[in-house]
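Visitor: Residue numbers (UniProt numbering): 1 to 458. The C-beta atom is built at its ideal place from N, Cα and C for all residues, glycine as well. After the structure tokens below, expect a handful of questions from me.
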Ligand SMILES: C[S@@+](CC[C@H](N)C(=O)[O-])C[C@H]1O[C@@H](n2cnc3c(N)ncnc32)[C@H](O)[C@@H]1O
């Protein structure tokens with residue numbers, strides 16, 4: 001039983017009236033609704049053991065049900081467990097392949113993975129997280145999901161502005177908030193809550209959306225969301241944006257039974273357009289609490305390629321002259337030479353070979369966790385493939401070592417070497433149930449050495 005703070009219950013009884021407020025308080029004592037998304041970046045992505053009978057309304061490739069965190073589907077990045085209402089945020093961003101998208105408060109990566117599904121490896125996805133350890137988790141999820149076109153950063157929003165002014169078509173601000181909508185999912189949120197905390201969050205949100213505004217191109221859209229109910233962090237942040245920046249306007253979210261429109265009377269300006277926003281309530285039974293608003297930066301100026309954009313997207317091939325024989329040999333063996341001949345040429349930095357998505361020279365000074373796709377490391381002319389590379393490989397077009405039983409899979413994920421029957425030898429992808437999830441190295445003795453990253457072993 002969750003002990004709701006008295007100031008919280010009094011506040012929402014005042015805002016909603018006692019009938020509706022009681023429905024909310026009762027719903028906060030109920031179990032959460034479990035859901036998951038499938039990953040269209042993986043080939044044959046619907047070929048999963050999960051039950052796909054109950055499709056989730058509103059969201060592409062999403063289903064009701066609980067996933068097993070130890071399953072091959074989870075470890076190979078075929079599924080992502082996420083609250084249904086939280087999934088609506090990236091859905092509202094409606095990204096198209098080729099767009100430049102920023103996920104400004106991105107960890108652990110729920111919105112990032114969903115945005116990446118929409119981009120389908122085309123365009124640029126910058127995923128930023130201010131907190132260092134959370135940024136590492138974000139990177140793990142980016143790798144697992146098989147995303148090739150992302151720049152993963154560990155920065156404050158303000159530090160990004162000089163690099164990306166006017167660059168993005170879409171920016172998702174899934175802001176840190178007082179978490180009222182998470183009370184039943186995460187009881188720790190109840191402990192943190194206080195009216196002062198709500199006020200602190202509001203100030204932080206104002207700073208974050210101001211940075212986001214600066215990075216939006218004319219005609220671009222800002223998707224603002226929180227997982228809290230409080231007007232101060234929702235309607236009033238939208239009012240703040242509209243008040244500070246005269247070229248921002250609200251884009252209506254079409255009303256649906258799954259959520260309520262925003263409350264103009266909960267704002268401070270009486271702006272009737274606040275009803276164009278959306279608020280998910282647990283008592284409506286779709287998922288947890290979530291607020292979503294879409295704002296557009298209007299401008300009469302045509303969205304020409306800006307100076308910033310030209311710089312960030314420029315790839316300087318003269319810098320890429322290095323001995324690639326070991327790399328070419330490896331990619332020929334795994335039948336992936338196409339990867340080396342695209343527009344994004346292999347680039348080397350401190351022996352790390354990668355396919356950058358943003359011109360590395362243009363983002364010097366930022367804390368970069370990953371720029372594009374990490375191919376591997378050159379060690380004395382030998383090439384060691386990276387875990388991110390294995391997560392993008394299609395089992396229908398690469399040779400791989402097959403694990404044959406749950407027991408082999410469990411042992412491998414645990415970090416053990418195993419004996420396998422295979423005519424193949426050397427560094428190769430390892431798959432279970434036709435899903436590639438790791439590298440392994442098969443010696444002449446039939447022993448498969450384990451290259452599943454130590455940090456992911458269980
Ligand atoms: C609601 S969570 C993001 C959830 C994520 N979008 C997802 O879908 O998985 C908010 C994030 O904002 C980060 N954050 C905290 N303070 C911040 C700040 N001042 N600026 C930007 N982000 C901040 C937190 O570390 C947290 O990871």
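What would DSSP say about residue 420, mapped onto helix, strand or coil?
Guide: Residue mapping note: residue 420 aligns to position 420 of the chain shown, counting from 1. Here residue 420 sits in coil by DSSP.
Visitor: Can we count residue 59 as close to ligand 1, meaning its CB is less than 8 Å from some heavy atom?
Guide: Position 59 of the chain shown, counted from the first residue, corresponds to residue 59. Result no, Cβ not under 8 Å from ligand 1.
Visitor: If contacts are defined as beta-carbon pairs under 8 Å, then residue 252 and residue 334 qualify, I think. What distance do you get, rounded to the angstrom?
Guide: Mapped onto the chain shown, residue 252 falls at position 252. Mapped onto the chain shown, residue 334 falls at position 334. Not quite, the Cβ-Cβ distance comes to about 49 Å (not below 8 Å), so this is no contact.
Visitor: I need the DSSP call for residue 103, collapsed to helix, strand or coil.
Guide: Position 103 of the chain shown, counted from the first residue, corresponds to residue 103. If DSSP states are grouped into helix, strand and coil, residue 103 belongs with the strands.
Visitor: Cβ atoms of residue 184 and residue 7: under 9 Å apart, would you say?
Guide: Sequence index remark: in the chain shown, residue 7 carries index 7 (1-based). Sequence index remark: in the chain shown, residue 184 carries index 184 (1-based). Not closer than 9 Å, so no.
Visitor: Can you give the Cα-Cα distance for residue 446 and residue 380, rounded to whole angstroms?
Guide: As a working mapping, residue 446 is identified with position 446 in the chain shown. As a working mapping, residue 380 is identified with position 380 in the chain shown. When rounded, the distance between both Cα atoms is 26 Å.
Visitor: Tell me, please, which residues DSSP counts as bridged to residue 431.
Guide: Residue mapping note: residue 431 aligns to position 431 of the chain shown, counting from 1. In DSSP, residue 431 forms a bridge with 402, 436.
Visitor: When we look at the beta-carbon of residue 325 and count the other beta-carbons within 10 Å, is it buried (16 or more) or exposed?
Guide: Start at 1 with the first residue of the chain shown, and residue 325 comes out as number 325. Residue 325 should be labelled exposed.
Visitor: Given a cut-off of 9 Å on the beta-carbon distance, is the pair residue 231 and residue 201 in contact?
Guide: On the chain shown, residue 231 is found 231 positions in, with the first residue counted as 1. On the chain shown, residue 201 is found 201 positions in, with the first residue counted as 1. Their beta carbons are not under 9 Å apart, which means residue 231 does not touch residue 201 by this criterion.
Visitor: For the 8 Å Cβ check, are there 3 or more pairs between the stretch 343-357 and the stretch 411-422?
Guide: No: fewer than three Cβ pairs fall under 8 Å.
Visitor: Keeping to the same chain, check which residues put their C-beta closer than 8 Å to that of residue 46; ignore five residues upstream and five downstream.
Guide: Residue mapping note: residue 46 aligns to position 46 of the chain shown, counting from 1. Excluding positions up to five away in sequence, the list reads 38, 52.
Visitor: Per DSSP, what kind of secondary structure is residue 146 in: helix, strand or coil?
Guide: Here the question's residue 146 lines up with position 146 in the chain shown. If DSSP states are grouped into helix, strand and coil, residue 146 belongs with coil.
Visitor: Just tell me which of 328, 280, 339 has its CA closest to the CA of residue 27.
Guide: Counting from 1 along the chain shown, the entry for residue 27 is found at position 27. Of the listed residues, the one whose Cα sits closest to residue 27 is 280.
Visitor: Indicate, with yes or no, if ligand 1 has a heavy atom lying under 8 Å from the CB of residue 91.
Guide: Numbered from 1 along the chain shown, position 91 holds the residue referred to as residue 91. Outside the cutoff, so no.
Visitor: With H, G and I counted as helix, E and B as strand and the rest as coil, what does DSSP make of residue 51?
Guide: Indexing the chain shown from 1 puts residue 51 at position 51. Correct three-state label for residue 51: coil.
Visitor: Can you have a look at residue 42 and say buried or exposed, based on whether 16 or more other CB atoms are within 10 angstroms of its CB?
Guide: If you number the chain shown from 1, residue 42 lands on position 42. The residue in question, residue 42, is buried, as its Cβ has 16 or more Cβ neighbours within 10 Å.
Visitor: Span of the beta strand (DSSP E) holding residue 195?
Guide: Position 195 of the chain shown, counting from 1, holds the residue named residue 195. First-last for residue 195: 195-215, but that is the alpha helix (DSSP H), not the beta strand (DSSP E).
Visitor: Quick one: what does DSSP say residue 261 is sitting in, helix, strand or coil?
Guide: Taking the first residue of the chain shown as 1, we reach residue 261 at position 261. Three-state result, residue 261: strand.
Visitor: Measuring CB atoms only, is the stretch 154-161 touching the stretch 259-269, in the sense that at least three cross pairs come out at less than 8 Å?
Guide: In short, these stretches do not touch, since the Cβ pair count stays below three.
Visitor: Going by C-alpha distance, which of 406, 386, 431 is nearest residue 454?
Guide: What you label residue 454 is simply residue 454 of the chain shown in a count that begins at 1. Looking at the Cα atoms, 386 is the closest of the given residues.
Visitor: First and last residue of the alpha helix (DSSP H) that includes residue 390?
Guide: For the purposes of this step, residue 390 is taken as residue 390 along the chain shown, with counting starting at 1. Residue 390 -> alpha helix (DSSP H) spans 387-390.
Visitor: I need the straight-line Cα distance from residue 193 to residue 178, nearest angstrom please.
Guide: Against the chain shown, residue 193 aligns to sequence position 193. Against the chain shown, residue 178 aligns to sequence position 178. Distance between the alpha carbons of residue 193 and residue 178 is about 6 Å.
Visitor: Look up residue 188 in the DSSP assignment and give the residues it is bridged to.
Guide: Start at 1 with the first residue of the chain shown, and residue 188 comes out as number 188. Looking at the DSSP assignment, residue 188 forms no beta bridge with any residue, so it has no partner.
Visitor: Are there 16 or more other CB atoms within 10 angstroms of the CB of residue 424, so buried, or fewer, so exposed?
Guide: Indexing the chain shown from 1 puts residue 424 at position 424. Counting Cβ neighbours within 10 Å, residue 424 comes out exposed, since fewer than 16 surround it.
Visitor: Just the Cα atoms here: how many angstroms apart are residue 226 and residue 257?
Guide: Residue mapping note: residue 226 aligns to position 226 of the chain shown, counting from 1. Residue mapping note: residue 257 aligns to position 257 of the chain shown, counting from 1. Each residue's Cα considered, the two are about 20 Å apart.
Visitor: Which residue from 331, 403, 206 puts its Cα closest to that of residue 435?
Guide: Walking along the chain shown from the start, residue 435 turns up at place 435. The residue with the shortest Cα to Cα distance from residue 435 is 403.
Visitor: Starting from the C-beta of residue 72, find all residues in its chain whose C-beta is less than 6 Å away, skip the five residues before and the five after it, and write them out in chain order.
Guide: Along the chain shown, one-based indexing puts residue 72 at 72. If we look at residue 72 and ignore the five residues flanking it on each side, its Cβ neighbours are 432, 433, 435.
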